[in-house]
Each structure stands twice: as structure tokens, then as C-alpha cells.
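Structure, as C-alpha cells:
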Amino acid sequence: MKKLTTSVLAVVLTASFALVNAQTRDTIKTQDIEGVVVTALGITRKPKELSYSVATVKNDDLTAANSTSTATALVGKVSGLQINVANNGVNPSTRVVLRGNRSLLNNNQALIVVDGFPSPQNVLNRINPEDIQEVTVLKGANASALYGSEAANGVLIITTKKGRGKLSVTLNSAVELETVAYLPQLQDQFGVGGFPDGTSYPLENVNWGPRYDGRLIEASETYANGDVWKIPYTPIKNNHRDFFDKAFSYRNGVTVSSGNADSNILFSVDFLKKNGTVPKDEFNRTTVRLNAGKKLGNFEFSGNASFFNSQTDVVAEEAGRQGRPLYWNILNTPLHIPLRQMQNWRDGYYTRNEVSYYRFYENPWFIIDTQRDKSEFNEGTFIGNVKYNFTEWLSASLRAGYTSNSNTFKRNRGAYTKAFTVPDAYSNMDDYGAYTLDRLSNFSRLNTDFIVSIDKDLGSDFNVKANVGQSVRIDKQNQIEVSGDNLIIPDFYDVSTRTGLLGGGTFKSNYRKVGIFADLTLGFQNWLFLNGTARNDYSSTLNAENRSYFYPGGGISVILSEAIPGIISDKGLNYLKLSGNITKSGNDPAAYANNAIFAAPAGFPYGSTTGLSQGAGAVSPDLRPEFTLAKEVGMEFAFFKSRLTGNVSLYQTNTTDQIISISTSTASGASSLLTNIGEIENKGIEVDLSAAVIKSQDFRWDVSVNYSGYDSVVKSLSEGVDELSIGGYADYSIVAEVGQPYPQLKATVYERDDQGRVIVGANGDPIQASGLKTVGKTTPDFVLGANTTLSYKRFKLYASADYRKGGVFYNNLVNALEFTGLTQHSVTANRLPFVFPNSVYLDSSGNYVPNTDRLTSGGGNAFWDKYSDVAENYVTDASFIKIREISLSYDFTDGVIANTGLTGLNVGVYARNPFMFRPAENVYTDPEFNYSTGNVIGIGDQRQTPPTRLFGLKLTAKF
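Encoded structure:
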């Protein structure tokens, strides 16, 4: 990986400096590289005026590989922006973080703004990338003055397309194939049996039995007539892999557009039908958008309306009696059991549920058919903006945005009858009845911004730009659910058919925030810019004494290439900017965090008697907002008539008064206290380089690379507290530890000597140390992204990749495979006792000596069961290199499409995630996957199905 990193940088830098001798005539001027960028509240600024780091990703880069998610399309394209795809499936979840984790328990994800409207986080996975003009990334906390505390983690500003030019119609159509990229590498030497008493039992799910030898063994119960299903005791090649489907997706869209200087309109509709690699999983999406704008005298009107509908039908994440994910059941199927033949579980002679191989857990096909989560999501968003220009330099605008969504969710769990009873030495899974749950969730947000803006020259040397305004945000959320079990009608999931208890509940949340803000920029001779911001928020989630909180900011930008013209030349430097800023931002707690919560305790209602109990947590009466102080210095430059451009940023953020629930003595009447404690410090460097390496009439090669490196360190917690658990289990946990990087993974480990060698006992088994020990941080040391485009005449080849170096990853999937006896390392000694690698023992003199003769107590299940208690065995290097996107397209010439009615035709092929390179020790899964999209990062389990590759064909026609 190190060689690859060096090679990428070498290519860019070598090619870039070679541009000095380029003979191609360039006409790019300094102002061309500046343009304008959309900043907070839709305000456009020249980059030279900004004192903080900004990056822009255009539509061509977002849609090059036909990504259906804007979040995944942004991966690797901007320094400081880390987007993790937390899981796989038809509608994967993502985590979007800028410049690391600032908060221990609260939200660390960036704010998403669409056309000036602060939107819910998951809008990135809902908005159609084809509708986006560009995404502007404000990396620091500077935007919080205008957007409020939600912007403390940075902002992604999405600007959608507007109608332009004469009336045109664009059709987009794509079809793609998704296949499993790889599965865990498993041992295929030993088969079923051997658990728990060491005897062989052919109808086992664990693989601690004899070697595969090809003989026929039983795989079903014996019928009364003596029939029994017998199959070869031989591992089936690709048995688990072939369980998954080759999935196809289809996407079709149309855009109608027209516009001029005074009016514009755009209408688009897009349909996506996606099948999953998990059989019967489906996701359908429809997006509709209408954008329009009009100038009437001194008035400017603009607005848009969008509608989103999705329908999801997927196998349950936690299914069956044990609440296991489907992947667990697949991997627990021994390699000699033909998974595809088990599909007929309803009435197959040997494979139906009552007689089939499965008795400790459910047949995966039974799970797929009867354990489903179905949902339909609808969302409508309306944004309107009116601006009045009093003069050329004074204007006022009012923007109002409203979004409302509803999610109808239904969970079905089919009834199960166990196959048959196995001997007493083995467990039996009990029968269970059918279950259903219905949930209706609603969310709405109203956001208004009123802004008075000034942009005025003061003589020939000075300019002042100012924005003063007020914003109001109101969020409302409601949820109601009802459930019932022991349903009496097969395959009919309705609570009215229950014979068991009726369950359910309601939830309601209201949130309101009002902010007053100001933003002032003073310019001098177009090379010196001073900026100041201020905001005061009033939050409904804090007590009256702390409800109002103020946070200011300031910055400076100096364009040295304008101030000192002598430093620029056509064959060298042509633009140089230095900048710096310091900003404070606040962050309030979630709704009702400051209130006592009551809920019905277990056993209630009791007959006709109802009851409520107060939660065991208390809240500090002086609960305050979290505050982040952000500092940043940066440099932007351009060389060789802007053929080589780049920027470098150094930053530091300190977040204090973290809002955290800490344990307290129950003698106080509460087991926890929500209060303000602790401080996290983030330091980092970001580098972005772009080069037009070759630029001729027919051929062009553009390359861009970005580098991000940061450290998050816990500076303090509360008095007497050095460690705080963020989440985990008994043998591993994600923690915040004073003086250490955040987040840290702690796990059960082996006792070691001062040389790091494992200490074994008299029985040859390694000795487990007491407690949990730190095994590493779960965030990368650095992230390197690379993007390149080669254009030859009408051909265009595009590729993007990223390299994440460092960090660790706990893979609970391997722990599960250990139980079932399928890990490769469990057969390295042929299931016989062995000398534990790199081990020592204490000799009679009290010295540790290398272990060359003490064998482990065994090589079968008993030993490896103890091995699985030590979580460090499943901690691997989280580094990886991914080729994220590759696309090849061709624009047909006018001659080819003449007399067809077409004004443009583009055909392309593409691939997403075609290649991935991991450390040799990780033979199991993608370390980018994660247990959740929250702050517990660095943990993977069986909820993530295998990684996939996608290959597609796309056609774009314009009329």
C-alpha cells in the first residue's frame, strides 16, 4: 500500500512540474479559477474572500459511474470528508463526517443543506444525483454562524439544477448487474459434528467433526418407510456464495429544462428498481422535482418542489427465535449441505421444515420467505425564496422551506415448527408462533430565514459585504406502533388475529430553535479581506437559564498574488492566497434530553391497572450546550497558468462541555446523570492537488489527489473519570480514554512478556489477561483519494479510488465463524494440539523462555472455544485500497445523430467497487462496514452481507 501511495503522488507531482515546459497555449486567467462558490444560506462568494476551506464537486464527477446515492458518489473526492458505507444491501446506510469526531455521544455527522434548506441527514441517499448541479463542502465550523449549531460538524451544500437555454429534453437510462465480490475464506477440510461432547453427529451445524471423505451421510430425518436423504460428505464449491443472487437494477429518468436570464424552469422524474443479492430483496425509488425562478423588476422569485417515494422489502436484520441475521444462518450451514436445494422448505420431500437438516436454527430460505421487513417512505419538500433589490447594493430576502415525510413499516415473522427432537446432548429450538408489528412514523420540518444583505463599494479601495438575519426551525416527530404474536391464520399478518398479548406504544417529539445572526466581510483593494460572524441561538431543549447561547467567529484572507504582483509569472506561480480563521460554535442536546421520561414498566398494564415509572437517569439543572472552538490556517495556489492548482489547510478544534450521561451512585436516587464534562481536541492537515497534466486539441488528462490526516484526542472527562464506554460488549468496547486517540477499541487480550510474546500456562494454552486492554484506534491515520479523467476526442475514461491507512477493526463475524468451526486458522494444526505461535512460558528460574514443546490442551472445539473468548484474535488492520468508480463513455458526433432529432447522445459503461485490496490478515469482510452509523465505529458483525461489485451500462439522449 505504501508503494501505491508513493506512486500516485509521484505521478501527480512529476507530471505537474513537467507542465512548465508544456507548449499548449492556455487562456485561463486568475479570475477563471476563482469563479464563485455557494456558501451558507445560498450566498455566493468569490473563493478569494473566504477565510476557510471550501471544496466543490460538480455533477459530472457525481454521476460518472451512475451512483444512485449522492453519499457514495462523494467518496474519495474531497479531503477531510470521510464517508463510510456502513452496510450492504438494496439501500445501504452511510455515515458522513468532516474532520473527525468532535462529540463523544452526540451527532458527529455533517449538516446537509439542499437549496438553502437544512435537511434531514439521510437526504443524501434520497436525492437523485442527476438533479444536482454541484455539492459545496464547507469543512469547518464557520458556517455555524449562519446555519446554527447543526453546522458545527461542517456542511454539505447541495445546489440543484436550474433550467437553462432553449427547451430541451434529456433521457437517462441505465441497467446494472451486482454480484458478490467475495465471502470469508473458510476451511473446507473438516465437516459436521464434534460439539459439545466430542461425538460425531451428522445433523450438526458446527464443523468440529471428521475430515471430509466423500462417503454418503444422512441429511434428514428418517421417514417411517425407512427413507432418508443421503448426500456426499464433501464440501460443495461456492456453496455459500451461490446462495446469493446476481442482482439487476434498472433506472430511467427524464428531465425537461428551459431558461434565460429572467426566468427558468426544470422538471425531472427518475425511477429506480433495484433487486438485491439477497434473494427477494427489493428497493424501488421514485423522485420528482420541479425548480423554477423568475425576475420581475426588483423582485426575484425562486422555488422548488420535490417528491420522494421508496418501497423496501428486505429480509429481517434480526430474524427467528435467536434474533440472528440471515448471514449467520447461511454461514452456519455446513459446506456439504446444498443450500440451493433447501429452498423448498414448505413441501419438499427431504427439505421441508419438519424433516430437514435444520433444527438448531431456521433454514435460511424459511427466513427469506417468512421473516420480512417492509416499508414505504413518502416525502414532500417545498422551498420558496423571494428577494427584493432595493438598490444595486442593498437587498432583502425571505426563504421558507417545509418538508414532511411518513414511513409505514411492517415487520412479519412467520411461525416455526421444529424439524424433530435431537439427542439430549444437543440443544433444540422451540416452536414459536407468528408475529407482526405495524409502525407509522411522521416527521416534519419548517425552516425560515430572513436576511438583509449589503454589497457596496466604499470608494475605489474598499468593499463591504454584510448579511444580517433571523432563522427559525421547528421539527415535529410522531410515531405509533402496534404488535401482536401467536397469530392464528398462516401467512396473514394482522394484529386482529393474535391470541397473544397486544403490544405497542407512541412517541412524540417537538423541537424549536430561533437564531439571530450577522456576517460581515470588509475587502481592501481586492487582496485583503476581513470577516466576522456572530450568532445567538435560543433552543427549546435547554433550561430557561441556558437556553440562549452566543458564538462568534472571525477570519482573514490575503491574496499575495494581488498584493505583490511581482511574485507571479506565466511560467510559474500565478495565484497565492493565505487565510486564517477562528470560530466558536454551540451544540444543544436532543429533544427531551432535559426532561424526566416516564414509561410503562414490565408487567403493566396488570389487568385493568396501568402504571408508569420514571427513568433512572437524572439531568443536571445547569446543563449547557457543547461548544467547539475551531482554528484554521490555509494556503491556496495555482501554477503554470492554473494548470496545477491546490490548497493546504491546517486545523484544530476543541470541543468542551460535552453532553454526556455518567454513572452515579444509586443512593442519589438515580443511576446516571446527564451533564457537561470533558474535552476532545482534533488536529489535522488537508491537501488537495489538481493538475491538467496533458491538454491538447484531441487529448486531455486531468488528475486530482486529496490527502487528509487527523488525530482526535480525549483531553479530559470528569473529575476522577479517565474512561467512558461508548458502546460494546463484555469482551470488546469502544471507549473514550483520557490522553488517548478517540475512539479507542479495547478488548480482551493475552498476557504477554516485555517483548510482546504470548505467555502460556503449564497446559500449553495461552493465558488471558484480566480486563479489557487498548488494541488501537478505529479511525484511519490518513485518507488518500485520487481521481483521474482521460479524454480523447469523444471518448472519456474516468476513475476514482481511495486509500485508508491505519486504524483497527473488530470483526465479530470471525468470532461467529469460530463457533461454527469454519475459520481457516482452526485447521492449521489439523485439529491436533500444537505449540501456540510466538509464545513463552515461565521456567523454574522465573524467566520467560521460548515455547518449543508445550502443546495446547487440544486442537478441537474445546480449545478454539476458549480462543474465541479473547477478542484481540479478531482485531485486524482496517487499512484498504478501493477502486471506487471506473467509467468509459463516448459522445456521438453530430454527424452520427444528424436527422435523428437528437442534439446529443452519450453511451457509457461503468463499474463501482470493482477492486479492493486489504491486508493479508483480513480474509473475511470489508473493514469499511460498521455495526451502525453512530459513534460506535470500528465494529463489524453478521448484519452486513458480503461486499459486492456493480457493472452497468448507461445511455443519455438529449432532444
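Mind the numbering: the sequence shown is residues -22 to -1, 1 to 937 in mature numbering (1 follows the signal peptide of the UniProt record, and there is no 0), read in order. Where a beta carbon is used, it is the ideal one built from N, C-alpha and C, also for glycine. The structure presented is a predicted model; accordingly, all values stated were derived computationally and were not measured.
| Query | Result |
| --- | --- |
| Residues that residue 940 bridges to, as DSSP identifies them | Outside the displayed range of the chain (-22 to 937) lies residue 940, so it cannot be described from this structure. |
| Rounded C-alpha distance that separates Glu340 from Asn307 | 7 angstroms |
| Collapsed DSSP secondary structure at Ser539 in the structure displayed | helix |
| Secondary structure of Gln349, DSSP reduced to three states | strand |
| Residue closest to Arg927, alpha-carbon to alpha-carbon, out of Gly916, Asn908 and Ile864 | Ile864 |
| Segment contact flag, the region 777 to 794 with the region 894 to 908, C-beta cutoff 8 angstroms, min 3 pairs | yes |
| Unbroken beta strand (DSSP E) run spanning Asn253, endpoints | Ser241 to Asn253 |
| With 16 other Cβ atoms within 10 Å as the buried cut-off, status of Pro342 | buried |
| Chain-order list of residues whose beta-carbon lies under 6 angstroms from that of Gly493 (same chain, five-residue window excluded) | Gly126, Ser449, Arg513 and Asp515 |
| Length of the line joining the Cα atoms of Arg189 and Glu182 | 14 angstroms |
| Buried or exposed (CB count within 10 angstroms, at least 16 for buried), Lys549 | exposed |
| Residue from Gly411, Ser686 and Thr212 with nearest C-alpha to Lys783 | Ser686 |
| Local Cβ density within 10 Å of Asp821, reported as buried at 16 or more and exposed below that | exposed |
| Three or more C-beta pairs below 8 angstroms linking the region 881 to 889 and the region 855 to 872 | yes |
| Proximity winner among Thr414, Gly447, Pro468 and Thr426, relative to Val460 (alpha-carbon distances) | Thr414 |
| Reduced DSSP secondary structure (H/G/I, E/B, other) of Gly374 | According to the sequence provided, residue 374 is Ala. The question's Gly does not apply to it. Reduced to three states, the DSSP call for Ala374 is strand. |
| Local conformation of Tyr336 per DSSP, three classes | coil |
| Given Ser769 as reference, the closest of Ser591, Val805 and Ile672 once Cα atoms are compared | Ile672 |
| Cβ pair residue 951, Ser373 closer than 8 angstroms | Lying before the first or after the last residue shown, residue 951 is absent from the chain, which here runs from -22 to 937. |
| Ordered list of beta strand (DSSP E) runs contained in the region 251 to 322, each at least 3 residues | 260 to 274 and 277 to 293 |
| First through last residue of the alpha helix (DSSP H) which encompasses Lys24 | It is not in any alpha helix (DSSP H) - Lys24 carries neither H nor E in the DSSP assignment. |
| Integer Cβ distance of Lys693 from Glu664, believed to fall under 8 angstroms | In fact, because the Cβ distance is near 22 angstroms, the residues do not count as touching under 8 angstroms. |
| Per-residue burial, Lys26 [other beta carbons within 10 Å of its own, 16 or more giving buried] | buried |
| Three-state class that DSSP yields for Gln163 in the structure shown | coil |
| Check: Arg832 C-beta below 7 angstroms from any heavy atom of the ligand HEM | Absence of the ligand HEM is noted for the structure shown, with no ligands found whatsoever. |
| Counted within 10 angstroms of its Cβ, other Cβ atoms place Thr2 as buried (16 or more) or exposed | Here Thr2 scores only 39 on pLDDT, less than 50, and its place in the model is too uncertain to base an answer on. |
| Beta-carbon gap between Ser288 and Lys251 smaller than 8 angstroms | no |
| Assigned exposure category for Gln503 - 16 Cβ within 10 Å defines buried | exposed |
| Beta-carbon gap between Leu418 and Thr386 smaller than 8 angstroms | yes |
| Distance between Asn310 and Asn85 (C-alpha atoms, nearest Å) | 36 angstroms |
| Own chain residues within Cβ distance below 6 angstroms of residue 940, not counting five before or after | Outside the displayed range of the chain (-22 to 937) lies residue 940, so it cannot be described from this structure. |
| Rounded straight-line distance, which links the Cα of Thr726 to that of Gly749 | 6 angstroms |
| 8 angstroms Cβ cutoff met for Asn69 and Tyr720 | no |
| Extent of the continuous alpha helix (DSSP H) run through Phe797 | Asn790 to Thr798 |
| Per DSSP, the bridge partner or partners of Gln455 | Phe421 and Ser487 |
| Bridge partners - Ile135, DSSP secondary structure assignment | Val91 and Thr114 |
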